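Trainee: Sharing a structure here in structure tokens format.
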Amino acid sequence: MRYPVLRIRLSPDTKVRLLLTAVMGSVLAFMLVLDIQQATAQDLGQEYNAQEPYGLSRDEVVANLGRAYAETPVAGGIAANGNILEVFASPEGDFWTIIVTRPDGMSSVVAEGGGWTFINALDGLRV
7 MRYPVLRIRL SPDTKVRLLL TAVMGSVLAF MLVLDIQQAT AQDLGQEYNA QEPYGLSRDE
67 VVANLGRAYA ETPVAGGIAA NGNILEVFAS PEGDFWTIIV TRPDGMSSVV AEGGGWTFIN
127 ALDGLRV
């Protein structure tokens with residue numbers, strides 16, 4: 007069985023607008039990522055240093071998160087560059103923190119917040 011193919015013809019002006027919208031969206035997303043990477047670790051009692059944001063070992067960060075907020079790891083993954091991204095959250099979801107750890111064991115807090123929602127993989131996220 008063959009499925010019908012939807013073909014849409016766009017004027018050159020529309021194509022340019024779509025391309026510019028996509029480029030601007032990408033630029034804004036990139037700027038957001040840079041802003042998140044500059045998030046401070048003030049809640050952990052650390053002064054942010056733009057030249058060296060990886061100021062603590064992973065063990066120190068994990069201990070501080072556990073002691074101050076009762077946060078434990080709830081998710082994580084390995085990036086293409088070998089860095090490990092981890093999400094920590096408190097049991098009730100009151101607090102959450104995202105850290106990145108380099109292969110040498112030094113970590114940096116890249117985002118933090120509240121209202122974490124634990125999702126059952128079978129149920130999915132209900133928005």
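In terms of the numbering used here, the sequence shown opens at residue 7 and continues consecutively. Where a beta carbon is used, it is the ideal one built from N, C-alpha and C, also for glycine. No experiment lies behind these values; they were computed from the predicted model shown.
Who are the near neighbours of residue 53 in its chain, counting only those whose CB is closer than 6 Å to its CB and skipping five residues on each side?
Mentor: For residue 53, the pLDDT reaches just 43, beneath the cut-off of 50, and the residue's location in the model is therefore unreliable, although a value from the coordinates is still provided. Nothing meets the Cβ criterion.
Trainee: For residue 115 versus residue 95, is the C-beta distance shorter than 7 Å?
Mentor: Result no, Cβ atoms of residue 115 and residue 95 do not sit closer than 7 Å.
Trainee: Taking the alpha-carbon of residue 110 as reference, which of 125, 101, 64 has the nearest alpha-carbon?
Mentor: For residue 110, the nearest C-alpha among the options comes from 64.
Trainee: Note down the Cα distance separating residue 85 from residue 92, rounded to an integer number of angstroms.
Mentor: Whole-angstrom Cα-Cα distance: 11 Å.
Trainee: In this structure, does DSSP put residue 74 in helix, strand or coil?
Mentor: Reduced to three states, the DSSP call for residue 74 is helix.
Trainee: Is it buried or exposed for residue 107, if we count other Cβ within 10 angstroms and need 16 for buried?
Mentor: Flag for residue 107 reads buried.
Trainee: DSSP on residue 18, reduced to helix/strand/coil?
Mentor: Helix, per DSSP.
Trainee: For residue 68, does the count of other Cβ atoms within 10 angstroms reach 16, so buried, or fall short, so exposed?
Mentor: Looking at its Cβ environment, which holds 16 or more other Cβ atoms inside 10 Å, residue 68 is buried.
Trainee: Could you check where the beta strand (DSSP E) with residue 103 kicks off and where it finishes?
Mentor: Where residue 103 is concerned, the enclosing beta strand (DSSP E) stretches over 102-107.
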